[in-house]
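Asker: Taken in order, the sequence shown gives residues 10 to 437; the numbers are from my numbering.
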Amino acid sequence: MTKAPFSGKGERASDLLRLIHSDVCGPMNTQARGGYQYFITFTDDFSRYGYIYLMRHKSKALEKFKEFKNEVHNQHGKSIKALRSDRGGEYLSQEFDELLKECGIVSHLTPLGTTQWNGVSERRNRTLLDMVRSMMSHTDLPTSFWGYALETTTFTLNRVPSKSVQKTPHEMWTGKCPNMSFMKIWGCKAYVKHHMSTKLEPKSEKCTFVGYPKEITGYYFNNENKVFVARTGVFLEKEFLTNIIKERHEPGRYGFLVTNHGDVILVDQDEPKTYQEAVASPDSEKWLEAMRSEMDSMSENQVWTLVEPPEWIKPIGCKWVFKKKTNMDGNVQTYKGRLVAKGFRQIHVVDYDETFSRVAMFKSIQILLAVVAFHEYEIWQMDVKTAFLNGKLEEDVYMTQPKGFVTPENSGKVCKIQRSIYGLKQAS
Numbered sequence: 010m011t012k013a014p015f016s017g018k019g020e021r022a023s024d025l026l027r028l029i030h031s032d033v034c035g036p037m038n039t040q041a042r043g044g045y046q047y048f049i050t051f052t053d054d055f056s057r058y059g060y061i062y063l064m065r066h067k068s069k070a071l072e073k074f075k076e077f078k079n080e081v082h083n084q085h086g087k088s089i090k091a092l093r094s095d096r097g098g099e100y101l102s103q104e105f106d107e108l109l110k111e112c113g114i115v116s117h118l119t120p121l122g123t124t125q126w127n128g129v130s131e132r133r134n135r136t137l138l139d140m141v142r143s144m145m146s147h148t149d150l151p152t153s154f155w156g157y158a159l160e161t162t163t164f165t166l167n168r169v170p171s172k173s174v175q176k177t178p179h180e181m182w183t184g185k186c187p188n189m190s191f192m193k194i195w196g197c198k199a200y201v202k203h204h205m206s207t208k209l210e211p212k213s214e215k216c217t218f219v220g221y222p223k224e225i226t227g228y229y230f231n232n233e234n235k236v237f238v239a240r241t242g243v244f245l246e247k248e249f250l251t252n253i254i255k256e257r258h259e260p261g262r263y264g265f266l267v268t269n270h271g272d273v274i275l276v277d278q279d280e281p282k283t284y285q286e287a288v289a290s291p292d293s294e295k296w297l298e299a300m301r302s303e304m305d306s307m308s309e310n311q312v313w314t315l316v317e318p319p320e321w322i323k324p325i326g327c328k329w330v331f332k333k334k335t336n337m338d339g340n341v342q343t344y345k346g347r348l349v350a351k352g353f354r355q356i357h358v359v360d361y362d363e364t365f366s367r368v369a370m371f372k373s374i375q376i377l378l379a380v381v382a383f384h385e386y387e388i389w390q391m392d393v394k395t396a397f398l399n400g401k402l403e404e405d406v407y408m409t410q411p412k413g414f415v416t417p418e419n420s421g422k423v424c425k426i427q428r429s430i431y432g433l434k435q436a437s
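Structure below.
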């Protein structure tokens, strides 16, 4: 038998608490502060607003569900209508089943081997852990602080736009626009004022910002492995960003590149780095022709449309990348000008969601070569020009116009990208 195809997305809930997605993740390799090894998520299908609870054991799932159910009922005056989860043992216990029946909550248990049906929770867990890994990699905090990082990611995701809902989850959940002015860079250093100090002692201490308390307005700070709450502090965010910038190398201007293995590779210094260098070089006509060819491809594939910039967006930039392609004898064969979007300025869940690369299985290539060898066939290789431009974008992404190709009548407009241009997060 072959596996039946997945039919796609189910029907979205039409109101708050009509459907709650839940999943348990763990155990983690390192215990969080407090001895936590697991966490459980509850995500509202209508608003995508999420709750997260740290747990020492999976058996605490029922206790956390009761806590979640009581809190949301008191906040909204509504009851949970349905709970969707996988067939984990924590959801199949007799106590859990009796509670759902007693409260009139319909249990949606996904069939075995169909994680797609619990896709909201699966994607939420992956996003949370990706963010936690990124946050932890930029701090000197012990790994045991992943619990604070996890709670901060949930707090943040509830307050940023998502392509799944028209407004932010916080606005749909509470009816109020979220206030983002108080948010700080997680893991940055901060000076926090002492409550009591003598005249000769320092009036503040240097700590690390690790999260937002749920119960009160303020911040969590860590000092010498002790976590405490304070109303505010002097945050050293500029210093922290400076510390995480990686060392960059620009070997082109020196004519050589030293690799990690100590090998020295000669670099062609004639390849321009910017549009200005290209038009000022002796080969300017060839570089301009290469850029015009690239722009013709963009136009032919309808990569973007020029629109007036919306007030709420900040378009990402773009740049020209120039390359001389040589033949086997080392002679220049073609001049290539590639327009690349500055996708590193894209924001996760705002203008991109999932990123993945399509690759061929090595076994498939082996089978192909075996068939060719057996039948004495010939293999021909082909290249798809501007291959990424065949992918359509689902998100709204805006980009500045490329240098050298801005007309006076369209000088104030931006490019609304419709295809996965090189450099975007979606391009791979």
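Beta carbons are placed, not taken as given, at the ideal position from N, Cα and C, and that holds for glycine.
Which residues in the same chain have their Cβ closer than 6 Å to the Cβ of N419, if we skip the five residues on either side of it in sequence?
Answerer: If we look at N419 and ignore the five residues flanking it on each side, its Cβ neighbours are L315.
Asker: How big is the Cα-Cα spacing for V380 and L398?
Answerer: Going by the C-alpha atoms only, they are around 32 Å apart.
Asker: Assuming Q342 is part of the beta strand (DSSP E), what are its boundary residues?
Answerer: Looking at the DSSP string, the run of the beta strand (DSSP E) that includes Q342 is 341-350.
Asker: Out of F77, H179, Y386, L433, which one is the CA nearest neighbour of F353?
Answerer: Per the Cα distances, L433.
Asker: Check whether the stretch 220-229 and the stretch 96-108 touch, using three or more Cβ-Cβ pairs below 8 Å as the test.
Answerer: No, because fewer than three Cβ pairs between the stretch 220-229 and the stretch 96-108 fall closer than 8 Å, the two stretches do not touch.
Asker: In angstroms, rounded to a whole number, what distance separates the CA positions of A299 and E280?
Answerer: Their Cα atoms are separated by approximately 13 Å.
Asker: In whole angstroms, what is the alpha-carbon distance linking N231 and T217?
Answerer: Each residue's Cα considered, the two are about 5 Å apart.
Asker: Going by C-alpha to C-alpha distance, which of R21, I430, F244 sits closest to S56?
Answerer: The shortest C-alpha separation from S56 is found at R21.
Asker: So, is P151 buried or exposed, given that buried needs 16 or more other C-beta atoms within 10 angstroms?
Answerer: Counting Cβ neighbours within 10 Å, P151 comes out exposed, since fewer than 16 surround it.
Asker: Please classify S429: is it buried, with 16 or more other beta-carbons within 10 angstroms of its beta-carbon, or exposed?
Answerer: By the neighbour-count rule (16 or more Cβ atoms within 10 Å), S429 is buried.
Asker: Using the rule of at least 16 other Cβ atoms within 10 Å of the residue's Cβ for burial, across every protein chain shown, is R262 buried or exposed?
Answerer: Residue placement at R262 cannot be trusted, given a pLDDT of 41 that sits under 50; what the coordinates show is reported in the next sentence. Exposed is the call here.
Asker: Taking the alpha carbon of G421 as the reference point, which residue from P318, E160, G339 has its own alpha carbon closest?
Answerer: When only C-alpha atoms are compared, the closest one is P318.
Asker: May I ask you to report which of helix, strand or coil DSSP gives M337?
Answerer: Here M337 sits in coil by DSSP.
Asker: By how many angstroms is the C-alpha of D362 removed from the C-alpha of T343?
Answerer: One C-alpha to the other measures close to 36 Å.
Asker: Cβ atoms of D32 and E180: under 8 Å apart, would you say?
Answerer: No, the Cβ-Cβ distance between E180 and D32 is not below 8 Å.
Asker: What ranges does the beta strand (DSSP E) occupy inside the stretch 289-343, keeping only unbroken runs of at least 3 residues that lie completely in it?
Answerer: Qualifying beta strand (DSSP E) stretches, in chain order: 313-316, 327-335.
Asker: Please name the residue, chosen from L137, F48, D149, N310, that lies closest to F74 on a Cα-to-Cα basis.
Answerer: Nearest option by C-alpha distance: F48.
Asker: Where are the alpha helix (DSSP H) runs, 4 residues long or more, that stay fully inside the stretch 126-154, in chain order?
Answerer: Runs found: 128-146.
Asker: Express the C-alpha separation of E248 and T50 in angstroms, rounding to a whole number.
Answerer: Answer to the nearest angstrom: the Cα atoms are 34 Å apart.
Asker: Between which two residues does the beta strand (DSSP E) harbouring K202 extend?
Answerer: Its beta strand (DSSP E) spans residues 198-202.
Asker: Which residues does DSSP pair with K401 in a beta bridge?
Answerer: In DSSP, K401 forms a bridge with R428.
Asker: For N269, collect the residues of the same chain with a Cβ closer than 8 Å to its Cβ; drop the 5 residues on either side in sequence, then sort them by chain order.
Answerer: Since pLDDT at N269 reaches only 43, below the 50 mark, its modelled position is unreliable, and the value read off the structure follows with that caveat. Correct list: empty, nothing qualifies.
Asker: Cβ of I194 within 8 Å of Cβ of E160?
Answerer: It is not a contact, given that the beta carbons lie outside the stated cut-off.
Asker: Decide if D139 is buried, meaning its Cβ has at least 16 other Cβ atoms within 10 Å, or exposed.
Answerer: Under this definition D139 is an exposed residue.
Asker: Using a threshold of 8 Å, state whether the C-beta atoms of L28 and K78 are closer than that.
Answerer: No, Cβ-Cβ distance for L28 and K78 is not below 8 Å.
Asker: On a Cα-Cα basis, can you pick out the residue from F191, G43, H85 that is closest to D24?
Answerer: Comparing Cα positions, the closest option is H85.
Asker: I'd like to know whether the C-beta atoms of C424 and Q435 end up nearer to each other than 8 Å.
Answerer: Not a contact, by the Cβ cut-off of 8 Å.
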